[in-house]
Each structure stands twice: as structure tokens, then as C-alpha cells.
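Numbering (the UniProt record's numbering), first residue to last: 1 to 263.
Structure (C-alpha cells):
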């Protein structure tokens, strides 16, 4: 199965009108690992993009990034609203995965935004995130009484723990059934995904979590992620970890628009 992967497309800064067509597109799977465009641009940027991609690919598998909630999207209601938006647009072969699996023959795709654990719950990392990451001014949390507030690092940490459990339990279950497993998340799964120029930066805990032990224990065949705006391709045990971000305009000059992985 051919997987064409990309993340951090950021349509709000530049359209993607020149994505090369490849012979593998028609029967292949497009993987979108988050940050395609913000909440306030969904109708006029995201939906036309998904419609165009749905006509080119057999299926489009999509996990939301943090930027999909920017513009006062709701952290806890956003996934439901996004699914409804895709449903209303009558796009039948686009699958939004949030703590969900999709089985295609002998391959299972497992998806979640994931978020991060802030260096294993380090209070200093959480404080720094609240000061430096736009997530905490751009994303809302809606309470059952319909009141809202800005999200906090504690919210993100709790969701990360839930998603983390889901992903790796699903990997173990699907591997026990003899299926190959592909994990699609937005946030990074290892410090190996941090470019050397950011080594030692205390904000790294808002970009990746060290999930090396869970990966070694469960051994998914492939993990695809985004969030970092540098390409990555490495292995942890028998698991290949790949990111292929477009990034902001002019930022990633080595973005591979034709990257196709086989599983």
C-alpha cells in the first residue's frame, strides 16, 4: 500500500496549488498529520482542499493538529464539529481519526492528535508552554454549562495521557491479530524528532514526548507525525518514524512534495 504523507501544510499562509500528481495517487492513501489550516479558515480553505484530495486519492486519513483549533476552536467540541463539517460536505473517503482505528485489509491505521506530556509532567515545562505557545491564547475549552475558558497545559497533559494509552493499546491489539500498524499523530513521539539547532531548548516539551519505551514495547510498523517543521526519518527498534512537514512559507526548503512510503 502506498502512503503519501504530509503535515503542517498551513494553508492560511499559502495555498497548495502545485502538489505534483503521482501515478500512485489513485490507489494510494494520503496521510495528513495535522496543521492543515486553523479553525477560522475551515470552510473556505480546508474543505476545498479535502475535496480536491479526495478526488485524487483512494482515501484521505487526517488527524487534527493544534492549529486546527486556532481562531477560538473548542478543544473538546472541535473533533465533533470537524466530523460534522466533513459529513455535511459529502466527502465520503476522508477519515478523521481521533483515538480511532481504521482497518484496511491487513493494515490498521491508528490516529490521534496526541499532544505532549511536557517533559513527563514537568511544571516548568508547563509554565513555559503557557507563556510561549499560542495554543493557550487561541484554543478554548467548553464546559457542560456552555461556559468557556482558555485551555491550560493541564488540559493538554490529561488528553495526552488518554490518547497515549489508546494508541499503544490499539497497536498491541492489532498486532496480536496479525495486522501491520501505522500510527498517525500530530505531535512528536521522541526527542530524535527535534532538529539539532533546537537541542536543549526548554520549549521542546511542547513539541515532542519521549515515547520510546512504549514504541519498543508495542513496535508499530510506522509512525507518522508532524508539528516539528523539520523532516525526520529514523527508527526506534523496528518502528520507522517519519515526518514530512511543509511548514511556514520559505521555512522548510527541503519539503518533499513527492514522498511516498510503502507499507
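Built from N, CA and C at the ideal position, the CB exists for glycine as well.
Predicted model, so just to flag it, every value in this text is computed and none were measured.
Other residues of its chain near residue i: CB distance less than 7 Å, five sequence neighbours each side excluded
i: residue 122; result: 205
i: residue 166; result: 99 and 112
i: residue 295; result: Beyond the ends of the chain as shown, which are 1 and 263, falls residue 295; an answer cannot be given.
i: residue 59; result: 29, 93 and 95
i: residue 20; result: 257 and 258
i: residue 226; result: 7, 8, 33, 34, 35, 65, 186, 243 and 245
i: residue 172; result: 218
i: residue 254; result: 231
Residues of its chain near residue i, where Cβ-Cβ distance is below 8 Å and the 5 sequence neighbours each way are ignored
i: residue 39; result: 68, 69, 70, 71, 72, 73 and 78
i: residue 256; result: 231 and 244
i: residue 263; result: 1, 3, 107, 180, 182, 221 and 222
i: residue 161; result: 117
i: residue 200; result: none
i: residue 57; result: 4, 25, 26, 28, 29, 30 and 93
Spatially closest choice to residue i from the options, by CA coordinates
i: residue 94; options: 61, 109 and 106; result: 61
i: residue 228; options: 98, 249, 208 and 219; result: 208
i: residue 153; options: 124, 142 and 178; result: 124
i: residue 51; options: 76, 83, 18 and 92; result: 92
i: residue 104; options: 218, 27 and 15; result: 27
i: residue 80; options: 213, 240, 142 and 252; result: 142
i: residue 106; options: 176, 7, 57 and 8; result: 176
i: residue 266; options: 238, 200 and 9; result: Only positions 1 to 263 of the chain appear in the structure, and residue 266 is not among them; the question remains open.
i: residue 97; options: 23, 178 and 186; result: 186
i: residue 53; options: 162, 174, 215 and 16; result: 16
i: residue 88; options: 42, 117 and 126; result: 42
i: residue 221; options: 37, 250 and 174; result: 174
i: residue 179; options: 159, 219 and 144; result: 219
i: residue 249; options: 14, 7, 3 and 83; result: 14
i: residue 137; options: 75, 84, 1 and 23; result: 75
i: residue 117; options: 57, 159 and 23; result: 159
i: residue 164; options: 86, 120, 82 and 3; result: 120
i: residue 352; options: 82, 253, 213 and 172; result: Outside the displayed range of the chain (1 to 263) lies residue 352, so it cannot be described from this structure.
i: residue 25; options: 2, 251, 200 and 90; result: 2
i: residue 182; options: 162, 251, 161 and 261; result: 261
i: residue 49; options: 162, 191 and 10; result: 10
i: residue 168; options: 251, 213 and 84; result: 213
CB-CB length for residue i against residue j, believed under 8 Å
i: residue 45; j: residue 12; result: 6 Å
i: residue 47; j: residue 85; result: 7 Å
is_contact[residue i, chain C] using C-beta, thresh 8 Å
i: residue 189; result: You won't find chain C in this structure, because it holds only one protein chain.
Contacts around residue i, its chain only, beta-carbon distance under 6 Å, and the 5 residues preceding and following it disregarded
i: residue 224; result: 5, 31, 33, 184 and 242
i: residue 101; result: 108, 110 and 170
i: residue 156; result: 115
i: residue 211; result: 189
i: residue 215; result: 236 and 239
i: residue 126; result: 118 and 153
Check: residue i C-beta below 7 Å from any heavy atom of the ligand FAD
i: residue 31; result: By its list of ligands, the structure shown contains no ligand whatsoever, and the ligand FAD lies outside what it can speak to.
Requested in this report: Would you mind listing the alpha helix (DSSP H) stretches within the segment 54-108 that are 4+ residues and don't spill past its ends, in chain order?
Outcome: If we require 4 residues or more, the alpha helix (DSSP H) runs fully inside the segment 54-108 come out as 78-88.
Report task. Ignoring anything shorter than 3 residues or poking outside the segment 183-248, list the beta strand (DSSP E) runs there in chain order. Result -> Runs found: 222-225, 232-236 and 239-243.
Requested in this report: Tell me, please, whether the segment 55-69 touches the segment 132-146 by the rule of three or more beta-carbon pairs shorter than 8 Å.
Outcome: By the Cβ rule, the segment 55-69 counts as touching the segment 132-146, because three or more pairs are nearer than 8 Å.
**Report entry** At least three beta-carbon pairs within less than 8 Å, the segment 215-235 to the segment 244-255
**Finding:** Because the criterion of three Cβ pairs below 8 Å is met, the segment 215-235 and the segment 244-255 touch.
Query raised in the report: Is there contact between the segment 148-163 and the segment 190-205, where contact requires at least three CB pairs shorter than 8 Å?
Result: Taking 8 Å as the limit for Cβ pairs, the verdict is that the segment 190-205 does not touch the segment 148-163.
Query - beta strand (DSSP E) segments (min. 3 residues) lying fully within the segment 110-189 - result: The segment 110-189 contains these whole beta strand (DSSP E) runs: 140-142, 148-150 and 180-185.
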